[in-house]
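*Asks:* Going down the list, the protein sequences come from chains U and A.
If you count the first sequence from 1, position 5 lands on 5 in full-length UniProt numbering, and the numbers rise without skipping.
If you count the second sequence from 1, position 74 lands on 74 in full-length UniProt numbering, and the numbers rise without skipping.
Once you've had a glance at the structure underneath, I'll fire off some questions.
2 protein chains.
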Amino acid sequence: MSMTEFPTAPDKTALERGEVLAPRFDANGLMAVVTTHAETGEVLMFAWMNAEALARTLELGEAVYFSRSRNEIWHKGATSGQIQKIVEMRIDCDQDCLWLKVLPQGDGGACHVGFRSCFYRVVEDGKLVERP
Amino acid sequence: MSMTEFPTAPDKTALERGEVLAPRFDANGLMAVVTTHAETGEVLMFAWMNAEALARTLELGEAVYFSRSRNEIWHKGATSGQIQKIVEMRIDCDQDCLWLKVLPQGDGGACHVGFRSCFYRVVEDGKLVERP
Numbered sequence: 001m002s003m004t005e006f007p008t009a010p011d012k013t014a015l016e017r018g019e020v021l022a023p024r025f026d027a028n029g030l031m032a033v034v035t036t037h038a039e040t041g042e043v044l045m046f047a048w049m050n051a052e053a054l055a056r057t058l059e060l061g062e063a064v065y066f067s068r069s070r071n072e073i074w075h076k077g078a079t080s081g082q083i084q085k086i087v088e089m090r091i092d093c094d095q096d097c098l099w100l101k102v103l104p105q106g107d108g109g110a111c112h113v114g115f116r117s118c119f120y121r122v123v124e125d126g127k128l129v130e131r132p
Numbered sequence: 001m002s003m004t005e006f007p008t009a010p011d012k013t014a015l016e017r018g019e020v021l022a023p024r025f026d027a028n029g030l031m032a033v034v035t036t037h038a039e040t041g042e043v044l045m046f047a048w049m050n051a052e053a054l055a056r057t058l059e060l061g062e063a064v065y066f067s068r069s070r071n072e073i074w075h076k077g078a079t080s081g082q083i084q085k086i087v088e089m090r091i092d093c094d095q096d097c098l099w100l101k102v103l104p105q106g107d108g109g110a111c112h113v114g115f116r117s118c119f120y121r122v123v124e125d126g127k128l129v130e131r132p
């Protein structure tokens with residue numbers, strides 16, 4: 001599908017300072033995605049997108065990831081109700097990572113374990129402690 | 001070095017709810033790291049750690065990454081002065097991603113392009129716009 005094709009930046013300047021979205025997918029065709037809560041700033045989850053997931057995310061205005069475990073496109077919340085409405089999308093300097101600021105719908109959660117955020121444990125003195 | 005050895009969680013419950021730090025490194029021996037500013041919540045950068053980088057980060061209380069481009073341990077700020085003092089470290093549900101809340105030292109920046117954060121561009125209507 002043509003919608004899943006993105007250009008490649010011709011040089012470093014275009015990649016880092018250009019206005020053309022030229023995402024760099026890795027050897028597996030994936031790019032990293034950091035998702036934060038648009039209101040609290042909390043990091044909710046970390047996931048991956050392939051070109052199709054990115055194209056669908058841009059089209060929908062909702063987060064669509066690529067599930068590496070299920071090896072398929074994953075419209076977050078399609079079954080759980082935890083749809084992520086995108087408030088802002090940013091990309092990093094070398095265009096291999098996206099930052100989504102979202103408003104989680106449904107019960108407001110993002111993590112399959114049942115927590116609001118996947119990052120519910122703090123590393124303290126080498127141990128993990130669950131903390132909101 | 002024994003300091004770079006971490007245990008493997010024996011099962012899903014231990015991985016997701018346990019108090020033992022059992023980081024899951026990928027096929028390249030790396031895990032994803034999201035770094036935010038401890039005071040503003042802004043996502044500053046996205047990077048990687050191998051076991052040695054994680055062990056040194058825990059020991060130092062400062063972010064030590066693994067540079068994939070240089071293929072070496074990278075004590076952030078060692079040359080730039082942009083040392084990242086760790087205020088809190090969190091790990092996600094399946095222990096393959098870390099979230100560091102840091103206080104950037106030196107000029108307060110984190111990005112090699114010169115911006116405070118690597119995410120200095122917003123994706124808007126398919127175009128990239130530089131915005132603080």
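Yeah, the Cβ is synthetic: ideal placement off N, Cα and C, and Gly gets one too.
1) Helix, strand or coil: which one does DSSP assign to ARG131 (chain U)?
2) Which residues in the same chain as ALA32 (chain A) place their Cβ atom closer than 6 Å to its Cβ, once the five residues preceding and following it in sequence are excluded?
3) Excluding the 5 residues flanking ASP94 (chain U) on each side, which residues of the same chain have their C-beta closer than 8 Å to its C-beta?
4) Quick one: is THR4 (chain A) buried, meaning 16 or more other Cβ sit within 10 Å of its Cβ, or exposed?
5) Going by C-alpha to C-alpha distance, which of U:THR40, U:GLY61, U:VAL34 and U:ASN50 sits closest to MET28 (chain U)?
6) On the three-state DSSP scale, how would you describe residue 150 (chain U)?
7) Leaving aside the five residues before and after VAL64 (chain A) along the sequence, list all residues of the same chain whose C-beta is less than 6 Å from its C-beta, in chain order.
8) Please classify GLU62 (chain U): does DSSP put it in a helix, a strand, or coil?
9) Using a 10 Å radius around the Cβ and a threshold of 16 neighbouring Cβ atoms, would you call VAL123 (chain U) buried or exposed?
10) Would you mind listing the beta strand (DSSP E) stretches within the stretch 57 to 106 of chain A that are 3+ residues and don't spill past its ends, in chain order?
11) What is the residue span of the beta strand (DSSP E) that ALA47 (chain U) lies within?
12) Quick check: is the beta carbon of LYS85 (chain U) nearer than 8 Å to any beta carbon in chain A?
13) If contact means a Cβ-Cβ distance below 7 Å, which residues of the stretch 74 to 99 of chain U contact chain A?
14) Here's the rule I'm using: 16 or more other beta-carbon atoms within 10 Å means buried, otherwise exposed. How should VAL43 (chain U) be labelled?
15) Under a Cβ-count criterion, where at least 16 other Cβ atoms within 10 Å of its own Cβ denotes burial, should ARG121 (chain A) be classed as buried or exposed?
16) When DSSP labels each residue in this structure, what does GLU39 (chain U) get in the three-state scheme?
17) Once the 5 residues before and after GLY109 (chain A) are set aside, which same chain residues still bring their CB inside 6 Å of it?
18) Among the residues of its own chain, which have a CB less than 7 Å from the CB of PHE66 (chain U), if the five just before and after it don't count?
19) Could you give the distance in angstroms between the alpha-carbon of PRO104 (chain A) and the alpha-carbon of ARG131 (chain U)?
20) Please say whether GLY106 (chain A) and GLY77 (chain A) have beta carbons closer to each other than 8 Å?
21) On a Cα-Cα basis, can you pick out the residue from A:PHE6, A:PRO7 and A:GLY41 that is closest to LYS101 (chain A)?
22) Could you tell me the alpha carbon to alpha carbon distance between LYS12 (chain U) and ALA22 (chain U), rounded to whole angstroms?
*Replies:* So, to answer that:
1) The residue labelled residue 131 (chain U) in the question sits at position 131 within the first sequence. In the displayed model, ARG131 (chain U) falls within coil according to three-state DSSP, outside both helix and strand.
2) Taking the first residue of the second sequence as 1, we reach residue 32 (chain A) at position 32. CYS97, listed in sequence order.
3) Along the first sequence, read from residue 1 onward, the residue named residue 94 (chain U) stands at position 94. Cβ within range, chain order: LEU15, GLU16 and ARG24.
4) In the second sequence, residue 4 (chain A) corresponds to position 4, counting from 1. Answer is exposed; the Cβ neighbour count stays below 16.
5) Residue numbering aside, residue 28 (chain U) sits at position 28 when the first sequence is read from its first letter. According to the sequence displayed, residue 28 (chain U) carries Asn and not Met. Nearest of U:THR40, U:GLY61, U:VAL34 and U:ASN50 to ASN28 (chain U), Cα basis: U:ASN50.
6) Nothing about residue 150 (chain U) can be read from this structure; chain U reaches only from 1 to 132.
7) What you label residue 64 (chain A) is simply residue 64 of the second sequence in a count that begins at 1. Cβ within range, chain order: ALA53, ARG56, THR57 and HIS75.
8) As a first step, residue 62 (chain U) is located in the first sequence; it is residue number 62 there, counting from the start. Strand, per DSSP.
9) Position 123 of the first sequence holds residue 123 (chain U). Buried is the call here.
10) 64 to 67, 72 to 75, 84 to 91 and 97 to 104
11) Taking the first residue of the first sequence as position 1, residue 47 (chain U) is located at position 47. Where ALA47 (chain U) is concerned, the enclosing beta strand (DSSP E) stretches over 43 to 49.
12) The residue given as residue 85 (chain U) occupies position 85 in the first sequence. Chain A places no beta carbon closer than 8 Å to that of LYS85 (chain U), leaving this residue out of the contacts.
13) GLU88, MET89, ARG90, ILE91, ASP92, CYS93, CYS97 and TRP99
14) Within the first sequence, the letter at position 43 stands for residue 43 (chain U). Its Cβ being crowded by 16 or more others within 10 Å, VAL43 (chain U) is buried.
15) Walking along the second sequence from the start, residue 121 (chain A) turns up at place 121. The residue in question, ARG121 (chain A), is buried, as its Cβ has 16 or more Cβ neighbours within 10 Å.
16) For the purposes of this step, residue 39 (chain U) is taken as residue 39 along the first sequence, with counting starting at 1. Correct three-state label for GLU39 (chain U): coil.
17) Locating residue 109 (chain A) in the second sequence gives position 109, counting from the first residue. Here the set comprises GLN82 and ARG116.
18) Counted from its first residue, the first sequence places residue 66 (chain U) at position 66. Same-chain partners within the cutoff: LEU30, TRP48, MET49, ASN50, ALA53, ILE73 and TRP74.
19) Position 104 of the second sequence holds residue 104 (chain A). Position 131 of the first sequence holds residue 131 (chain U). Each residue's Cα considered, the two are about 24 Å apart.
20) On the second sequence, position 77 is the one that residue 77 (chain A) refers to. On the second sequence, position 106 is the one that residue 106 (chain A) refers to. Cβ atoms of GLY77 (chain A) and GLY106 (chain A): closer than 8 Å.
21) Looking up residue 101 (chain A) in the second sequence gives position 101. Out of A:PHE6, A:PRO7 and A:GLY41, A:GLY41 has the C-alpha closest to the C-alpha of LYS101 (chain A).
22) In the first sequence, the residue the question calls residue 12 (chain U) occupies position 12. In the first sequence, the residue the question calls residue 22 (chain U) occupies position 22. One C-alpha to the other measures close to 11 Å.
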